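See structure below.
Written out as structure tokens, the structure reads:
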């Protein structure tokens, strides 16, 4: 069996997009239209002749529409194997007519949840008959065409235009799409029951859904394939939803780095102008200042070498002066909640630069789960949305930090949580002075960060490194005093760290010996 003629179609859709045009095209081909409820009404109002499902089943729609298509006259017409003599005999015996085409999209469960409906209304928007018809038709795709996406109507009409039939290849593609649609739909329902209704953190079954894939040029490396999926169901607005105003297509690495930049930049949402520069998913310069241009200059000064070919994110509308300054170095991607006309004009001269507008910054304290595949399984954890304030800090040294040191400690801590472990961040006057990332020990991270700061001082002709008089943040406790001593040697005067090591007293004594102020957060921020 290859081509199948369409003689009878059953249409039942919640999304009426393109419905009338499809109905007219089918009617023009002499296809009998069978429909339900609002779909039948819309078709009749367009002047089309439509038979109600109740005319097929001999039963009226009942129980507020909960029962209408769950009937052998419907599912027999969908599931019958047309070239099976026993099935054909059963159809004749029970006067079951074949249904050749099913056009269904399901009750708007996700939209109902997203607008904050009450539980009873959410439950009523769990479609039962629709998925049953979809699955029946998709299973029997050898003989039945199932269309679940209005975007496929045009292709369907093109198939019918020549001969009034559909090809096996088209039916197979539609069947695959149909099963994916019902799987995603059921997954959204199961997740709502688990997370929202039952308040389960880790349900017995975890579905990870994505839709509308965008195939990327390649993955992390040219020999790898890659695609971007957006989640089915509620999700935060982020890089995947940003509007690209100009530039080449985003690569896998661009998306990964841009996401890291946006997540860190979101920490400064609603605050004074902030600039984040990221390279290989690690920040290499972060600053807050009274103007965006000043913040850019301070962030760039932290590590201008690594900033080359980096990702830039800002927390406020991007102005022309800052855009022109960014254009002075090679930049892969720029991300902003809004971009001024003057800034757009500046970037237009850099044709390959990708310019993304997010419209807003995500909530850094939002909940949710982070999922990481490992061989043979999935690691799942809650997002690292923990936060501290000045009131949460515990001073553990003889000397208390000054108010400026406290500000720098909190700034450094904010950045450190977005740096790959082991992470060390020096900060002074609202800007990073040096960042050490991803080392196997904390001492080396301290030294690397200090080295970068010393290189910056030499490049810009400063009298001393910006680590002198800085605050230093460590994403986890110092297991030995050596990391703290390396920070002291670089000129840091204040330390912020989680605490909790069996050698805390040794580390505190080392800080006291050098007149450092140190505060404990009681919270760790490993980032692997």
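Numbering (my numbering), first residue to last: 549 to 1076. The beta carbon of each residue, even a glycine, is placed where N, CA and C say it ideally should be. Since the structure is predicted, the reported quantities are computational estimates derived from the model, not experimental observations.
Does the Cβ of residue i have 16 or more other Cβ atoms within 10 Å, making it buried, or fewer, making it exposed?
{"i": "residue 1069", "result": "buried"}
{"i": "residue 922", "result": "exposed"}
{"i": "residue 942", "result": "exposed"}
{"i": "residue 611", "result": "exposed"}
{"i": "residue 937", "result": "exposed"}
{"i": "residue 988", "result": "exposed"}
{"i": "residue 965", "result": "buried"}
{"i": "residue 917", "result": "exposed"}
{"i": "residue 1061", "result": "exposed"}
{"i": "residue 959", "result": "buried"}
{"i": "residue 1137", "result": "Outside the modelled stretch of the chain, which goes from 549 to 1076, sits residue 1137, for which no answer is possible."}
{"i": "residue 667", "result": "exposed"}
{"i": "residue 1050", "result": "exposed"}
{"i": "residue 736", "result": "buried"}
{"i": "residue 919", "result": "exposed"}
{"i": "residue 802", "result": "buried"}
{"i": "residue 608", "result": "exposed"}
{"i": "residue 565", "result": "exposed"}
{"i": "residue 816", "result": "buried"}
{"i": "residue 633", "result": "exposed"}
{"i": "residue 925", "result": "exposed"}
Can you list, in chain order, the residues of its chain with a C-beta nearer than 6 Å to that of residue i? Leave out the 5 residues immediately preceding and following it.
{"i": "residue 655", "result": "562, 673 and 675"}
{"i": "residue 704", "result": "695"}
{"i": "residue 861", "result": "809, 810, 813, 824 and 883"}
{"i": "residue 805", "result": "826, 829 and 859"}
{"i": "residue 1084", "result": "The requested residue 1084 does not occur in the structure, where the chain is confined to residues 549 to 1076."}
{"i": "residue 854", "result": "827 and 832"}
{"i": "residue 991", "result": "1030, 1031 and 1034"}
{"i": "residue 635", "result": "628 and 629"}
{"i": "residue 996", "result": "984"}
{"i": "residue 890", "result": "868"}
{"i": "residue 579", "result": "554 and 557"}
{"i": "residue 701", "result": "566 and 570"}
List the whole-angstrom C-beta distance separating residue i from residue j, where the pair is believed to meet the contact cut-off of C-beta under 8 Å.
{"i": "residue 1035", "j": "residue 994", "result": "5 Å"}
{"i": "residue 626", "j": "residue 601", "result": "Actually they do not touch by this definition, with Cβ atoms about 12 Å apart."}
{"i": "residue 618", "j": "residue 587", "result": "Not really, about 17 Å apart at Cβ, beyond 8 Å."}
{"i": "residue 697", "j": "residue 556", "result": "Between residue 556 and residue 697 the Cβ distance is about 21 Å, and since that is not below 8 Å, they are no contact."}
{"i": "residue 1039", "j": "residue 1016", "result": "3 Å"}
{"i": "residue 835", "j": "residue 985", "result": "Wrong, their Cβ atoms sit about 17 Å apart, outside the cutoff."}
{"i": "residue 1073", "j": "residue 932", "result": "6 Å"}
{"i": "residue 930", "j": "residue 907", "result": "Not confirmed; about 26 Å, so no contact."}
{"i": "residue 1080", "j": "residue 939", "result": "There is simply no residue 1080 to check, as the chain begins at 549 and stops at 1076 in what is shown."}
{"i": "residue 1013", "j": "residue 1005", "result": "4 Å"}
{"i": "residue 885", "j": "residue 1065", "result": "The Cβ separation is near 36 Å, so there is no contact."}
Please return the same chain residues whose Cβ sits closer than 7 Å to the Cβ of residue i, not counting the five positions on each side in sequence.
{"i": "residue 686", "result": "694, 723, 726 and 727"}
{"i": "residue 1029", "result": "1054, 1055 and 1058"}
{"i": "residue 1071", "result": "934, 936 and 1046"}
{"i": "residue 738", "result": "753 and 755"}
{"i": "residue 532", "result": "With the chain running from 549 to 1076 in the structure shown, residue 532 is simply not present."}
Report all residues from its chain with a CB closer than 8 Å to the CB of residue i; omit the five preceding and five following residues, and keep chain order.
{"i": "residue 604", "result": "582, 619, 621, 622, 625 and 645"}
{"i": "residue 1027", "result": "990, 1049 and 1051"}
{"i": "residue 688", "result": "626, 627, 628 and 629"}
{"i": "residue 1077", "result": "Limits of the chain in this structure are 549 at one end and 1076 at the other, which puts residue 1077 out of reach."}
{"i": "residue 821", "result": "836, 837, 838, 839, 840, 842, 843, 862, 863 and 864"}
{"i": "residue 778", "result": "758, 759, 760, 788 and 789"}
{"i": "residue 679", "result": "654, 730, 733 and 734"}
{"i": "residue 597", "result": "575 and 581"}
{"i": "residue 683", "result": "726, 727 and 730"}
{"i": "residue 880", "result": "802, 805, 857, 858, 859, 901 and 902"}
Return yes when at least one heavy atom of the ligand ADP lies under 7 Å from the C-beta of residue i, else no.
{"i": "residue 570", "result": "Although the ligand ADP was asked about, the structure shown includes no ligands whatsoever."}
Which complete alpha helix (DSSP H) runs does the region 846 to 882 hold, if anything under 4 residues is left out? 852 to 855 and 868 to 874
With a floor of 3 residues, list each beta strand (DSSP E) that falls wholly inside the region 566 to 648, ordered by position along the chain. 580 to 583
Examine the Cβ distances between the region 715 to 732 and the region 743 to 751 and report whether three or more of them are shorter than 8 Å. no
With a floor of 3 residues, list each beta strand (DSSP E) that falls wholly inside the region 948 to 976, ordered by position along the chain. 972 to 976
Touching by the beta-carbon criterion (3+ pairs, under 8 Å), the region 735 to 745 and the region 714 to 721: no
Three Cβ pairs or more, each shorter than 8 Å: is that satisfied between the region 890 to 897 and the region 763 to 782? no
Under 8 Å: do the region 865 to 882 and the region 776 to 785 share three or more Cβ pairs, one atom per stretch? no
Contact the region 788 to 800 vs the region 842 to 858: 3+ CB pairs below 8 Å: no
Going along the chain, which unbroken runs of the alpha helix (DSSP H) with 4 or more residues stay wholly within the region 662 to 717? 667 to 672, 677 to 687 and 701 to 711
Going residue by residue through the region 1017 to 1068, where are the continuous beta strand (DSSP E) segments of at least 3 residues, counting only ones entirely within it? 1019 to 1022, 1042 to 1045 and 1065 to 1068
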